[in-house]
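Chains as they are written, first to last, in the working numbering: chain A, 94 to 327; chain B, 28 to 319.
Structure representation (structure tokens):
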């Protein structure tokens with residue numbers, strides 16, 4: 094579904110991604126683990142068209158999305174839940190969700206999806222008129238996920254969805270991620286919480302300073318000595 | 028009492044002109060964090076476009092107003108496209124200096140095109156003064172206030188109820204997140220300039236009709252005043268610009284009616300200094316939170 098080959102990305106003079114290759118197949122949850130500054134967020138932002146890549150290939154469902162404008166990538170079916178949630182704090186919960194469906198013209202489909210999001214996240218329905226900035230961290234994360242789902246994506250990119258959340262909420266978020274995947278959405282997940290990420294995903298990649306150093310089924314990576322040492326706390 | 032009501036009406040009509048200009052300042056600032064110092068000159072161009080539409084094409088008040096708003100909307104889009112967009116990634120001071128450059132360009136282009144001499148403005152807002160309980164109110168003033176209210180209601184509708192308005196608010200809050208929603212940020216910025224400039228044009232038309240004279244440098248002072256109004260209300264906040272404009276109009280009129288006409292402009296700038304000392308985020312502003 095998503096194929097990336099030999100991707101190079103620069104921020105000014107900084108060589109952030111040094112030839113990354115990665116694949117995500119339909120129906121999978123693939124996770125990308127790595128330390129701070131390894132380039133995980135850069136990779137997701139490049140896929141979403143927010144950072145222009147220098148060279149390489151990015152294909153989504155067989156079409157090149159290399160240097161495609163962000164809105165066209167959303168239109169093709171790739172949505173992102175950004176790091177730090179980035180909900181529109183000065184707008185209501187419902188307005189945030191409606192913005193997620195910004196490019197869609199099928200009003201009845203949008204209404205249907207809004208209902209689905211509210212069913213999945215009853216807290217958001219209760220707070221639909223409230224400003225997003227007044228929500229708790231966990232609620233904002235749910236709003237960010239709901240907002241991305243409103244675009245009806247086939248591939249969902251999740252950047253650090255567990256960041257700053259309590260252990261109970263982390264469990265909750267990962268349960269939701271699994272549910273979204275079971276409902277048919279393919280997921281590429283970036284996580285610091287390697288333990289949770291490996292337990293929820295099918296396959297995983299390890300990114301270190303701009304390069305993929307390891308990859309394989311998550312259950313195997315979880316057992317690998319290197320991963321244990323570097324990301325699972327021994 | 029009658030003088031008070033009279034002055035109140037004067038203050039509100041002047042204030043609504045300031046408010047219309049201030050809205051453009053604040054909207055543009057809200058979306059790209061730029062003080063568009065050419066905004067007052069767009070106001071001037073608006074007055075002139077309507078002047079020629081009225082005297083040359085005989086379009087009447089409404090027709091001239093619409094032509095003027097449309098022309099300035101286009102002008103605003105062009106200014107953004109060619110002067111500011113190339114500097115989007117540059118420092119803010121570069122864009123600010125460019126805005127001053129655009130301002131000087133429009134003023135001098137205006138002098139070349141129509142001459143530096145002030146010219147009489149047609150009496151586009153007809154109607155004789157009428158009396159309400161001993162108070163003489165000019166129809167013009169009422170028309171100015173009604174037009175301003177109508178345009179502001181329309182603006183509120185656009186900003187809160189339409190897709191483009193929601194896109195504008197999203198871009199103002201977080202450009203990157205807006206991009207992730209599929210919002211075309213460049214196009215949204217163009218719309219912001221178009222709407223702000225159209226409002227300035229409307230202000231220019233009623234200003235010309237109210238003061239009966241226009242010249243290519245007429246935008247400088249009202250532009251500065253509207254900038255003050257936007258800062259007083261809280262730059263980037265739309266209701267703030269409306270209230271800031273009214274406050275400024277009322278204060279100026281009050282100073283004038285107490286016999287200190289020469290202090291009118293000084294009062295406006297004193298207000299700016301005062302607000303910057305006491306509540307720099309403006310009446311409606313909240314302390315800017317640092318992003319984590």
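Glycine is no exception: its CB is placed at the ideal position from the N, C-alpha and C atoms.
DSSP lists 174/A, 282/A as the bridge partner or partners of residue 251/A. Only buried fits residue 222/B, as 16 or more other CB atoms lie within 10 angstroms of its CB.
Interface criterion not met: the Cβ of residue 150/B is under 9 Å from no Cβ in chain A. Within chain B, the residues whose beta carbon sits less than 9 Å from that of residue 196/A are 208, 209, 210, listed in sequence order. Under the 9 Å criterion on CB atoms, residue 311/A is classed as non-interfacial with respect to chain B. In this structure the stretch 197–216 of chain A touches the stretch 231–249 of chain A; the number of beta carbon pairs closer than 8 Å is three or more. Unbroken beta strand (DSSP E) runs of no fewer than 3 residues, entirely contained in the stretch 98–170 of chain A, are found at 107–117, 122–126, 148–153, following chain order.
When only Cα atoms are considered, residue 131/B and residue 65/B end up about 8 Å apart. Rounded to whole angstroms, residue 215/B and residue 43/B show a C-alpha spacing of 26 Å.
Burial is judged here by how many other beta carbons sit within 10 angstroms of a residue's own beta carbon; residue 198/B has at least 16 and is buried. Put simply, the CB of residue 200/B is near chain A, with a gap under 9 Å to one of its CB atoms. The C-beta of residue 192/A comes closer than 9 Å to at least one C-beta of chain B. When the beta-carbon positions are compared, residue 255/B and residue 275/B come within less than 9 Å of each other. Counting C-beta pairs closer than 8 Å gives fewer than three between the stretch 277–284 of chain A and the stretch 305–319 of chain A, which falls short of the contact rule.
Closest in C-alpha terms to residue 167/A, from the list 193/A, 186/A, 148/A, comes 193/A. Taking the Cα positions, residue 176/A is about 15 Å away from residue 182/A.
Among the residues facing chain A, residue 193/B is included, as its CB has a counterpart in that chain under 9 Å away. In the DSSP annotation of this structure, the continuous segment of the alpha helix (DSSP H) that includes residue 291/B starts and ends at 291–305.
The stretch 122–138 of chain A makes contact with the stretch 294–302 of chain A: 3 or more CB pairs, one atom from each, lie closer than 8 Å. DSSP places residue 231/B in no beta strand (DSSP E) but in the uninterrupted alpha helix (DSSP H) bounded by 212–238. With a cutoff of 9 Å on beta-carbon distance, residue 69/B and residue 228/B are scored as near each other.
Nearest CB-CB separation between residue 60/B and chain A: not below the 9 Å threshold. In terms of beta-carbon proximity, residue 108/B stays away from the interface with chain A, with every pair separated by 9 Å or more. Closest in C-alpha terms to residue 266/A, from the list 248/A, 235/A, 274/A, 282/A, comes 235/A.
With 16 or more neighbouring CB atoms inside 10 Å of its own CB, residue 302/B falls in the buried class. Bounds of any beta strand (DSSP E) do not take in residue 234/A; it lies within the alpha helix (DSSP H) bounded by 230–242. In this structure the stretch 159–179 of chain B touches the stretch 34–50 of chain B; the number of beta carbon pairs closer than 8 Å is three or more. Straight-line measurement puts the Cα of residue 267/B at about 8 Å from the Cα of residue 309/B.
DSSP, read as helix, strand or coil, puts residue 241/B in strand. In the structure shown, residue 155/B falls within a coil segment according to DSSP collapsed to helix, strand and coil.
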